[in-house]
Each structure stands twice: as structure tokens, then as C-alpha cells.
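Undergrad: Mind having a look at this structure? Questions to follow.
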Amino acid sequence: MTSAPMIEEYLHRLALSEAKGVALVTELIEKHLARYAFSSLNALAGQSLSLQTDVLFERLVVNRQGGYCFEHNKIAYLALKHLGFEVRSVLARVMLNGKPTNPRTHRMNVLELDGETYLVDVGFGNKTPRGLLNINQRTCTIGHDTYQITRNGDVVMVVLYEPGQPPLTLYEVELYDVVEADFEVAHFYSHQHPEAIFVNNLVVSLITASHRYLIRNQQFLVWDAAGQLVTDKNIDSVEALTQLVQEVFLLQPPKAVLETAFAKVTANAAV
Numbered sequence: 038m039t040s041a042p043m044i045e046e047y048l049h050r051l052a053l054s055e056a057k058g059v060a061l062v063t064e065l066i067e068k069h070l071a072r073y074a075f076s077s078l079n080a081l082a083g084q085s086l087s088l089q090t091d092v093l094f095e096r097l098v099v100n101r102q103g104g105y106c107f108e109h110n111k112i113a114y115l116a117l118k119h120l121g122f123e124v125r126s127v128l129a130r131v132m133l134n135g136k137p138t139n140p141r142t143h144r145m146n147v148l149e150l151d152g153e154t155y156l157v158d159v160g161f162g163n164k165t166p167r168g169l170l171n172i173n174q175r176t177c178t179i180g181h182d183t184y185q186i187t188r189n190g191d192v193v194m195v196v197l198y199e200p201g202q203p204p205l206t207l208y209e210v211e212l213y214d215v216v217e218a219d220f221e222v223a224h225f226y227s228h229q230h231p232e233a234i235f236v237n238n239l240v241v242s243l244i245t246a247s248h249r250y251l252i253r254n255q256q257f258l259v260w261d262a263a264g265q266l267v268t269d270k271n272i273d274s275v276e277a278l279t280q281l282v283q284e285v286f287l288l289q290p291p292k293a294v295l296e297t298a299f300a301k302v303t304a305n306a307a308v
């Protein structure tokens with residue numbers, strides 16, 4: 038199967054409206070985030086994750102195994118290209134821990150539309166913006182969240198301001214051209230290096246219009262649209278994890294992946 042039918046199937050599953058331009062891209066972002074969960078399950082379980090287009094679509098869209106930025110944002114890139122948008126993928130430096138020496142290990146997309154330049158991201162876990170970020174504006178507001186955008190040449194810094202929370206720098210985006218081989222290298226490190234975050238931590242998230250759902254190792258957390266934490270409970274068994282992953286996050290990972298991931302999480306917690 039060529040990529041076009043796979044992209045058409047993905048778009049069909051999203052059930053997009055007849056919207057155009059910014060409204061269409063926003064709808065794609067919102068519906069993707071609410072349907073296709075971010076997940077480090079496969080990386081944590083030691084799976085080798087091909088980014089070949091047909092394999093990627095089969096894993097994430099058809100088999101509902103979830104994925105992370107290199108998977109989600111490649112699918113979004115291909116879909117936006119298919120819809121006729123001027124879009125390219127770039128690498129960003131994740132800044133959640135505040136370290137400017139972090140490697141560039143986040144894939145995201147840059148959209149040129151009607152004379153404006155936007156960041157498009159469907160793969161940043163629980164902190165993924167539910168809309169486009171215009172890099173020519175100092176601030177962008179999406180729901181209850183405000184994003185401060187600072188551009189210095191071809192480098193863009195994005196800081197999130199959530200109600201009642203201190204500012205959180207999300208990432209430093211470099212707008213330079215990147216080829217697929219660059220993504221392959223960063224992807225390999227991110228899901229195969231023994232010290233990589235997702236090789237050692239379970240992170241699963243889903244974002245809807247009303248809630249943000251997150252599994253962080255053995256914690257299950259839920260925030261409402263206003264940013265208030267409404268659920269915080271411990272995941273004490275692989276059965277409980279399986280139920281959450283399937284019923285809340287709409288994923289269908291193999292049983293062996295769930296068992297391996299949960300065993301690793303509990304072993305790490307015991308250290």
C-alpha cells in the first residue's frame with residue numbers, strides 16, 4: 038500500500054469537517070490528540086520502532102499502539118502535506134528540565150500559511166498545545182493556557198503559562214532544514230539508548246476538549262480543562278494498567294508489551 042491510502046484512512050478516522058486553513062489544521066490537532074495517545078510503552082518494553090511510513094501507520098493508526106513525537110508528528114506532517122499545506126518538520130530541544138544542553142530529540146512541524154508561520158505539534162505528551170502557535174506573535178492563548186513565544190533568528194523558545202502554575206519552558210525549536218536521516222538518528226537515541234527518558238519511564242497521555250489524562254510510571258493523573266487536578270491514583274498492577282490503557286487512552290498494545298513495561302516500572306521504583 039502506498040502512503041496516500043494510509044493517509045486517507047487516517048483522515049477518514051479523524052472525521053474532519055469541511056473547514057479550511059487554520060481552522061482545519063486546528064481541528065486535525067484537536068482530533069488527533071483526542072484519538073491517538075502519546076505512549077512510551079513500546080520504547081520502555083524494548084521494541085524496535087521503524088519510522089517507515091507503512092509500518093508506522095500500521096502500528097499507530099491501525100493497531101492503536103500509541104507512539105511518541107517521531108511517530109505522531111511524522112503522521113501529522115504526511116497528512117498536512119497530503120491536504121496541500123506548506124509544511125516541514127524540524128527538531129527541537131526539550132527544555133522541561135531547564136537544561137540548555139539537552140539534545141535535540143523532539144520532532145515537530147512548521148506550517149507556512151497566509152503569510153504566517155506556525156508550530157504544529159501532536160506529539161509532546163501531556164503538555165502538547167491543542168492548537169497552532171504563531172511564532173510571529175509574542176503570546177498565543179489556547180483555552181486556559183498561554184504560550185509565550187520568543188524568536189531569535191531561526192530559534193524559537195516556547196514557554197507555557199498554566200493557571201496557578203509557574204512558567205514552564207517547553208522547548209527550543211530550531212527552524213533549520215532537517216532531513217529524515219537526522220530524525221532517524223534522534224529517534225534511535227530516544228527509544229534505544231539505555232539512558233533515554235522513554236526507555237526508562239512510562240508516559241502515556243491523551244488530551245480531549247475537557248480533560249488531560251496522564252500515566253506517569255505508576256501514577257494516573259487527570260486534569261480538567263481549567264487545569265485543576267481531579268484524579269491522582271496509584272497503578273498497582275498490570276491488570277489496572279491494562280484497563281486504563283485500553284479504556285481511557287484507547288490503546289491496544291500487545292499483552293507482552295504491557296507486562297514488560299509494568300515490570301520495568303516497578304523494578305525502577307524499587308531501586
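In this text, residue positions in the sequence shown follow this note's numbering: the first is 38, and each later residue adds one. Think of the CB as a built atom: it goes at the ideal place given N, C-alpha and C, for glycine as much as any other residue.
Quick check on DSSP: helix, strand or coil for V193?
TA: V193: strand per DSSP, three-state reduction.
Undergrad: Just checking, does the segment 39-49 make contact with the segment 250-268 on the three C-beta pairs under 8 Å criterion?
TA: The segment 39-49 is not in contact with the segment 250-268.
Undergrad: Label P137 either buried or exposed according to how many other C-beta atoms from any shown protein chain fall within 10 Å of its C-beta, with 16 as the threshold for buried.
TA: Classification for P137: exposed.
Undergrad: Would you mind giving the Cβ-Cβ distance between S87 and L93, rounded to the nearest angstrom? I have them listed as a contact below 8 Å.
TA: Between L93 and S87 the Cβ distance is about 7 Å, and since that is below 8 Å, they are a contact.
Undergrad: Helix, strand or coil for S40 per DSSP?
TA: S40 falls in the helix class under three-state DSSP.
Undergrad: Would you identify the three-state DSSP class for D151, choosing helix, strand or coil?
TA: Of the three classes helix, strand and coil, the one that applies to D151 here is coil, per DSSP.
Undergrad: Among the candidates H181, L170, I179, D214, whose CA atom is the shortest distance from the CA of V195?
TA: Answer by Cα proximity: L170.
Undergrad: Does the beta-carbon of M38 have 16 or more other beta-carbons within 10 angstroms, so that it is buried, or is it exposed?
TA: Confidence is the limiting factor: at M38 the pLDDT is only 47, short of 50, which leaves the residue's position unreliable, though a coordinate-based value still follows. Exposed.
Undergrad: Alpha carbon to alpha carbon, what distance is there between V259 and D269?
TA: Straight-line Cα distance between these residues: approximately 7 Å.
Undergrad: On the CB-based measure, 16 or more other CB atoms within 10 Å of its CB, does D191 come out buried or exposed?
TA: Flag for D191 reads exposed.
Undergrad: Please confirm whether Q185 and T178 have their CB atoms less than 8 Å apart.
TA: Not a contact, by the Cβ cut-off of 8 Å.
Undergrad: Can you tell me whether DSSP reads I112 as helix, strand or coil?
TA: Residue state, collapsed to three classes: helix.
Undergrad: Where does G83 land, buried or exposed, given buried means 16+ other C-beta within 10 angstroms?
TA: Exposed is the call here.
Undergrad: With three or more beta-carbon pairs closer than 8 Å as the criterion, would you say the segment 141-152 touches the segment 98-110?
TA: Contact between the segment 141-152 and the segment 98-110 is present, because at least three Cβ pairs lie under 8 Å.
Undergrad: Within its chain, find whatever has a CB closer than 7 Å to the CB of A298; leave out the 5 residues flanking it on each side and keep chain order.
TA: Excluding sequence neighbours, A298 sits near L78, L81, A82, L239.
Undergrad: So which of S242, H181, D214 has the shortest CA-CA distance to Q202?
TA: Residue H181 is the option with its Cα nearest to Q202.
Undergrad: What are the uninterrupted segments assigned as alpha helix (DSSP H) that are 4 or more residues long and contained completely in the segment 73-128, given in chain order?
TA: Listed in chain order, they are 78-81, 90-94, 106-119.
Undergrad: Contact defined as beta carbons within less than 8 Å: I believe G264 pairs with P166. What is the distance between those atoms, to the nearest angstrom?
TA: Incorrect: roughly 14 Å between the Cβ atoms, too far for contact.
Undergrad: Do L295 and V285 have their CB atoms nearer than 8 Å?
TA: Not closer than 8 Å, so no.
Undergrad: Would you mind sorting P290 into buried or exposed? The rule is 16 or more other CB atoms within 10 Å of its CB.
TA: Buried is the call here.
Undergrad: Can we say the segment 204-216 touches the segment 224-231, given the rule of at least three CB pairs closer than 8 Å?
TA: Not touching, per the Cβ criterion.
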